[in-house]
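Here is the structure we will look at, set down as structure tokens.
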Amino acid sequence: MQDYKGFYKAAFKLFDGRVYKDYLRRFCYGVEASCYSYVPKLVLMLKSESEIIKAFELSRKFNTPLCFRGAGTSLSGQSSCDTVLVCLDFCWDHMKVNSDASSITLGCGVIGENANKALKPLGKKIGPDPATIAAAQIGGIVNNNSSGMCCGVKQNSYNTLKSIRVILGDGTILDSSDALSIASFKISHKELIDKVLNLRSQIIADPELCELIKRKYKIKNTTGYSINALLDYSDPIDIITHLFIGSEGTLGFVSSVELECVDDEKYKACALLFYDDILKAAKVVEILAKFEDEISSAEIMDYGSLKAASKFKGVDQILPDINEGEVCILIQSQNNNEEILKEQVDKIKNAIKDYPTSHKAKFSFDESEFANWWKIRKGIFPIAASAKRPGSSVITEDICFEIKDLGEGIKKLQELFDKHGFKDSAIIFGHALAGNLHFIITPNLSQNVEFQNFSNLVKDMSIMVSNFGGSIKAEHGTGRMVAPFVELEWGAKAYAINKKIKEIFDPHTLINPDVIISDDKDIFKKNIKQSALIGNEFDECVECGFCEKNCPSNKLTLSPRQRIALKREMQRLGSLNDKASKKLLKELKDGAKYFLNESCAACSMCEELCPVGINTANLALNERKANASDFSKKTAELAKANFSLALNGAKFALSAANLLNSNSIRKLSFKANLAIKTPVLKEYLPRKNSYKLRDKNYGFDESVVYFSSCLNRAFAPNKNLNDKRPIQEVFESLCKKAKINVIYPEQIDDICCGKIFTNYPDTKELNRAKNIDILKEATDDGKYPVVIDHGACSYELIKSLKDRFEIYDLSEYLLKFISTRLSIVPINDAIGLYTMCASKKLGLEDTMMSLAKLCTKGQVIVHSDTACCGFAGYKGFFTPQLNIHATTKFKRFYKNSAINIGFSNSSTCEIGLSEASSFSWQHIAYLLDSVSISQK
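Residue numbers (this note's numbering): 8 to 943.
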């Protein structure tokens, strides 16, 4: 009997309350990228191997199965469950490159792209390169034996594994890089080893089975377990470690791996080739397959893929006018020698010269150009899926043929689409050079006919692929989608081997049951997502999870896709009238106040990573506008009308707060915040700014209007910061050295960029009109440029008034107009650099880096994983846990560096950055002023 109550009670004590049973978190944390929707009974958030071992112990004690979740980007349902979902916090992202860069050791929580960023300066990368590499974590990549676009079979997880560290269901750790661990395991698990070796003996004794395994793993195959390990290796530890590759979390927990590094060739070239139809393109792929030394990847995208992609920004500049039925092949070639690369490209051109393209072929050696081509391919799944009909589900499949069968396989697949009613809506794309095709269908499963069409298509497709000797799942993993068809593909003898593997490692079926091996032959069509419509851009979300990397509240409360999923579930429950649904809806509405709204920084950094450009911040912003009380609206109106008075009130509060700002009072302020939501005190709390803002007419030929933000008019640097001068004094100093006069708007004490009025559209519009009048006068009707000194306020003002005035963020103005007029003597120290989120959206990261490199000969160290610090203006004081959580990895990163000073472009962010790192962060203007003098 499964005892979830007993599990919860014990887990609550063991894991400091990091076990959740409320419906909001169970539902939202259960969301992942596949077409399935399961709600776990409990959710754990675990930090260490010792906690994983304890979770296994509780699982055995209370007979409650566990399912492990990384980034949740898998597509076959392998990270869904209705049991206990185990999520991992940020403590699993350690990595270490060995001395000669031949291998890299990676914690299961490392994002694949981050591993490649660490290896890029060494000319290396990891082998697997799934389309989700910017979001997928190593644990998932390895557990799915992910391959991708360039790696094929040779460089997948299985073939680049050097060692692995796993935790078995009995709590035993096996580290195949540690001789002592191996020796101990051989003694303690002799019976398990004997069973594994017995399976190997069975295979060796069956020549027909041996031949089947060898043949099927010449192409991509993730259907079932990696039973090729039983043939490829004789050492039991090698066999066991490779069985874990592609095991989809069903044999134990993968804690870390050591992967061989592969060359990341320095020079690359790409081609876009267009053909009249997919069968002609398939013929070209057969030709290209003969040039595997010259071609690293050949991706195919059918007409449906291209049509879906063409509606997104910038794509129309890449794709020509596509005619119905046309197909694109994206080819990449690479080499460390530029001349050899050119020869490779010429060889490819010559090979396909007899196969005319339907549009002029595009060849490019410019990585900035073809990187955008790859964005289309990597985003095809969410982009194409977002074009689905309202109320339909997204089903993606992943099959593989031998290259010789690719054209015929495509033809048969299209016949199945026609037979089952998907001819006009299905799309095909994939890794053509590997014979690996993905397709997407979007049936409305609430309609019985379409449900049966979907069911019959999957069955017929599985039979068709098996008849070709292909793979029903090439790289997405078996999951639930293909579990009923493993025996169909492999036959009875090989399927028995698969079942025995599961039995050996998980005799009580407590580790991710119903994945890979399932007795339920209908599981592939159960619990399919049927999302309720919530309107606007949010209905395009396919819950792919690409957004989560940038979100400051991810794993504190909710990520962007989880917020959308929550809103959808509230909509679904709202359409039901039974008592249970009404009770759940009330729970979600109550919880949404904090989880959906208050804890969202509304930074919109999710939009930067979303393949279809969804700005999930609008969910929270819409809630805030809708729930704005009459009192708060009136207060906003009064603040606009009496802004200088309001600002003086803020200055008074700062003075009072600084008088009280001791360690003990700070602790009390956090307790009060939890109880009554009063603002917290910060160690790096700014002082009151008493600097007088007066025009500085030095008699120079050029002038600038200085729109100093209300925040910086209130703030002076904290006593612990490196430079105690207010930022206005610093900017005036720089302008004087650069021979530029400074003009303050006459009503400088009474202006605001308008961001503070975001929740009050009417007041915000009145404020905009007010700013236009003030700046029109200050700039002499546009004669002078305007500069603003806070990144968030710059974004707001530029967005609002860019059509009326020439407006610059301070960092951009410093680089373009100030630095060029200064004599700069750079320091030799390494520094930290952080570009606040709104400035990233303005494209100012390169500007900030250029400024920093002008000012120091030392390293400029950026923690690229901190897309947003979560301070979010007032939220740093009223929802402090958001900033503390968002800077967790930032804190660890700089703690392990030799940096002791950092620079940014947002005074509020700098409070949180200084708190996290325990050293001074200030606007980069301070750095430029400290290293510069006037040119002679």
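Glycine included, each C-beta is placed from N, C-alpha and C at the ideal position.
{"Item": "Lys556 - containing alpha helix (DSSP H), residue span", "Value": "Taken as a continuous stretch (DSSP letters only), Lys556 belongs to no alpha helix (DSSP H), as it is neither H nor E."}
{"Item": "Simplified DSSP state of Met308, which is helix, strand or coil", "Value": "strand"}
{"Item": "Three-pair Cβ contact test at 8 angstroms for the region 713-732 versus the region 921-931", "Value": "yes"}
{"Item": "Cβ-based burial, Ile488 [other Cβ within 10 Å; buried from 16]", "Value": "In the sequence under discussion, the amino acid at residue 488 is Met, which differs from the Ile named in the question. Buried, since its Cβ has 16 or more Cβ neighbours within 10 Å."}
{"Item": "Assigned secondary structure, Met577 (DSSP; H/G/I helix, E/B strand, else coil)", "Value": "helix"}
{"Item": "At least 3 beta-carbon pairs within less than 8 angstroms: the region 572-585 vs the region 805-823", "Value": "no"}
{"Item": "Residues of its chain near Asn443, where Cβ-Cβ distance is below 6 angstroms and the 5 sequence neighbours each way are ignored", "Value": "Lys227, Cys407, Gly437 and Ala481"}
{"Item": "Length-filtered (3 minimum) beta strand (DSSP E) runs lying within the region 371-455", "Value": "402-407, 434-438 and 443-448"}
{"Item": "Residues of its chain near Leu129, where Cβ-Cβ distance is below 8 angstroms and the 5 sequence neighbours each way are ignored", "Value": "Val104, Ala108 and Cys268"}
{"Item": "Whole-Å CB distance - Gly477 paired with Asp412, under 8 angstroms assumed", "Value": "7 angstroms"}
{"Item": "Contact set for Leu628: own chain, Cβ-Cβ below 7 angstroms, skip 5 residues either direction", "Value": "Ala609 and Thr765"}
{"Item": "Beta-carbon spacing of Ala305, Ala439 below 8 angstroms", "Value": "yes"}
{"Item": "Cβ-based burial, Leu645 [other Cβ within 10 Å; buried from 16]", "Value": "exposed"}
{"Item": "Terminal residues of the beta strand (DSSP E) in which Lys131 lies", "Value": "Lys131 to Ile133"}
{"Item": "Cα-Cα separation between Pro833 and Ser939, rounded to whole angstroms", "Value": "8 angstroms"}
{"Item": "is_contact[Asp513, chain D] using C-beta, thresh 8 angstroms", "Value": "No chain D appears in the structure shown, which is made up of a single protein chain."}
{"Item": "Given 8 angstroms, three or more beta-carbon pairs between the region 372-385 and the region 414-423", "Value": "no"}
{"Item": "Backbone secondary structure at Gly909 - three-state DSSP", "Value": "strand"}
{"Item": "Cβ pair Cys613, Ala624 closer than 8 angstroms", "Value": "yes"}
{"Item": "Ala276 - containing beta strand (DSSP E), residue span", "Value": "Tyr274 to Tyr282"}
{"Item": "Through-space distance from Val549 to Pro389, alpha-carbon basis", "Value": "6 angstroms"}
{"Item": "Leu688 vs Ala664 beta-carbon contact at 8 angstroms", "Value": "yes"}
{"Item": "Straight-line Cα distance separating Gln929 from Lys12", "Value": "50 angstroms"}
{"Item": "The region 511-521 / the region 255-263 touching (three or more Cβ pairs under 8 angstroms)", "Value": "yes"}
{"Item": "Inter-residue spacing [alpha-carbon to alpha-carbon] between Asn205 and Arg33", "Value": "41 angstroms"}
{"Item": "Residues sharing a beta bridge with Trp928, DSSP", "Value": "Gly909"}
{"Item": "Contiguous beta strand (DSSP E) assignments of at least 3 residues, all confined to the region 132-159", "Value": "none"}
{"Item": "Where Asn205 falls: helix, strand or coil (DSSP)", "Value": "helix"}
{"Item": "Closest Cα partner of Ile325 within the set Trp381, Gln339 and Ala289", "Value": "Trp381"}
{"Item": "Asp182 - partner residues in DSSP beta bridges", "Value": "Arg172"}
{"Item": "First through last residue of the alpha helix (DSSP H) which encompasses Asp177", "Value": "Where Asp177 is concerned, there is no enclosing alpha helix (DSSP H), given that its DSSP letter is neither H nor E."}
{"Item": "Validate contact between the region 789-806 and the region 840-850 using beta carbons, cut 8 angstroms, 3 pairs", "Value": "yes"}
{"Item": "For Cys607 and Ser560, believed in contact at Cβ under 8 angstroms, the rounded distance", "Value": "6 angstroms"}
{"Item": "Residues of its chain near Lys273, where Cβ-Cβ distance is below 7 angstroms and the 5 sequence neighbours each way are ignored", "Value": "Gly130 and Asn343"}
{"Item": "For Phe722, the three-state DSSP class (helix, strand or coil)", "Value": "strand"}
{"Item": "Glu784 burial status per 10 Å Cβ neighbour count (16 or more: buried)", "Value": "exposed"}
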